[in-house]
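Residue numbers for the sequence shown follow this note's numbering, so the first one is 1244 and each next one is one higher. Every residue, glycine too, gets a C-beta built ideally from N, C-alpha and C. Take a look at the structure set out below.
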Amino acid sequence: PPDTIDWDGAELVANPAPERGLASSLKLGWVQATAADPPPDAILVALGDQPLLRPAVVRALVAAPLDPARPIVAPRYAGSDAHNPVRVEVSADRLIDEASGDRGLGPIIERNPGLVRWLDVAGDNPDVDTAADLARVAELAWADRVRRNREQVERFREAPDGPDFYASVSSIFRDDPDRRGDPVLDALRGHVRSDDTWLDIGAGAGRYALPLARSVRRVIALDPSTSMLGALRESMAEHAIDNVDIVEARWPAAAGLRALKGSLPTDVSLIAHVGYDVEAIGPFMEAMEQSTRRECLAVLMERSPASLAEAFWPPLHGEARIALPALPAFVDLLAARGLAPVVDMVETSRRLWSSRDELERFTRRQTWVAPGSAKDGRMLELLDDWLVPNADGTVDLAVAEPLRVGLVAWRPA
């Protein structure tokens, strides 16, 4: 079922006297809804300041059978005392007449508990009444997408997480620190000052930390992956780069912050393709901003890198992949927190892999199938069908859309 409303048939009703309170809007809307042709049996009353209302809750309310003895159906959230939206049967229109002031149906439900059927649902449905509420809702929306993405993996995974998630693919994150013609790197260089110290959170194998080290006084490269940092050290030795300090830790874990004691705040903090799967994004960003003097930077795609393997999910697992939040949600989150992000869309390109083997390892990791399993065999068949060889020896996926990359800059709060 669709998770969005088709607004083509919507009718907007303006309240000429909003100072009369919420009940006046409720009554105006009720009159318009009951005049529909054909007339409805029940009407769903929803509030416009609850953007995290879940489609599943709406479906459950709409699906409840009619019951003239208990004409009100309302959700009861495990995470709060919220009770919206509310479904009211048209036969109970006398209850709408009782509404007054600025509380709508709340007092009516409190006075008539015997007329209410409760649907117990998980989670919360918070109001947005203040700027702080807006920031909280943006963080909750981000966390919900990350959580649902992770729970989907847990339903279908055949391969367990190893001690180092990136051990099998760390090589694809290496790049020449002296390369030219990289639009993202060129955009980052536009924020450099020669006496800067930069903190690269999730530095990986040093794709950006190493070339930036050529232009600044010092780079601190923080990453939790032993294999990634091993590749970083190899590149440092190969290219004689000695002004990168390595910290093996997860951000913003206490151990990592302790290891950085005395080095913070840095002039600039950077995350590059980091954060898509961070559920607690609020504390992550707060720690980043508190560790930064001048500027925070984020390199993010409009869709997460994992989206390149989305086409494999329906034939392998029988359902579409739940997408992680990415650049648009990140910009919304910053704005909701009262910041003023500046976005520079710096690149649109197709993702290329150096070989079929490299692409196979990437796809297996993103579909969570075990080598040699039936699903793995099907994945390899699909890979053969969708693989596109290029003249330079690289390979591409026919079903993977080009990825747009943006550089987000903002001043720490």
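| Asked | Found |
| --- | --- |
| Buried or exposed for L1453, going by 16 or more other Cβ atoms inside 10 Å? | buried |
| Give the C-beta separation of P1283 and A1276 to the nearest angstrom, bearing in mind that I take them to be a contact with Cβ-Cβ under 8 angstroms. | 6 angstroms |
| So which of A1303, D1345 and D1363 has the shortest CA-CA distance to S1323? | D1363 |
| Let me confirm a value: I1248 is counted as buried when at least 16 other C-beta atoms fall within 10 Å, else exposed. Which label applies? | exposed |
| Run through DSSP, which three-state label would L1255 get? | coil |
| Given a cut-off of 8 angstroms on the beta-carbon distance, is the pair L1543 and L1513 in contact? | no |
| Check this for me: beta carbons of A1652 and E1532, under 8 angstroms apart or not? | no |
| Should E1553 be labelled buried (16 or more other beta-carbon atoms within 10 Å of its own) or exposed? | buried |
| Which value, in whole angstroms, describes the spacing of the CA atoms of P1244 and W1250? | In this prediction, P1244 scores a pLDDT of 49, lower than 50, which makes its location untrustworthy; no coordinate-derived value is stated. |
| Taking DSSP as the reference, what is the three-state secondary structure of S1592? | strand |
| Rounding to the nearest angstrom, what Cα-Cα distance links L1646 and R1546 in this structure? | 7 angstroms |
| For A1446 and A1496, I'd like the C-alpha separation in whole angstroms. | 16 angstroms |
| Hey, out of A1563, R1564 and A1578, whose CA is closest to L1570's CA? | A1578 |
| In chain order, what residues of the same chain have a beta carbon less than 6 angstroms from the beta carbon of A1285, not counting five sequence neighbours either side? | R1330 and E1332 |
| Restricting to runs no shorter than 4 residues, where is the alpha helix (DSSP H) found entirely within the stretch 1558 to 1607? | 1570 to 1579 |
| Would DSSP call D1488 helix, strand or coil? | strand |
| Is S1437 helix, strand or coil when you go by DSSP? | coil |
| For the alpha helix (DSSP H) containing E1657, list its first residue and its last residue. | As displayed, the chain neither begins before 1244 nor continues past 1656, which places residue 1657 out of reach and without an answer. |
| Taking the C-alpha atoms as reference points, what is the distance between V1487 and V1462? | 5 angstroms |
| According to DSSP, is D1376 helix, strand or coil? | helix |
| Report the partner residues of P1632 according to the DSSP bridge assignment. | V1638 |
| Using a Cβ-Cβ cut-off of 6 angstroms (strictly less than) and excluding sequence neighbours within five positions of L1377, which residues of its own chain qualify? | V1371 and A1579 |
| Classify N1633: buried if its beta carbon has 16 or more other beta carbons within 10 angstroms, exposed otherwise. | exposed |
| For I1444, list the residues DSSP reports as bridge partners. | L1465 and I1514 |
| The alpha helix (DSSP H) with A1303 in it runs from where to where? | P1298 to A1306 |
| Using CA coordinates, which residue listed in R1337, L1287, R1346 and A1335 is at the minimum distance from G1264? | R1346 |
| Assign E1382 to one of two classes, buried (16 or more other C-beta atoms within 10 Å of its C-beta) or exposed (fewer than that). | buried |
| Helix, strand or coil for G1357 per DSSP? | helix |
| What are the boundary residues of the beta strand (DSSP E) that includes V1329? | V1329 to E1332 |
| Taking buried to mean at least 16 other C-beta atoms within 10 Å of its own C-beta, is V1380 buried or exposed? | buried |
| To the nearest angstrom, how far is the alpha carbon of R1654 from that of R1493? | 23 angstroms |
| Between L1255 and K1270, what straight-line distance do the alpha-carbon atoms span, to the nearest angstrom? | 14 angstroms |
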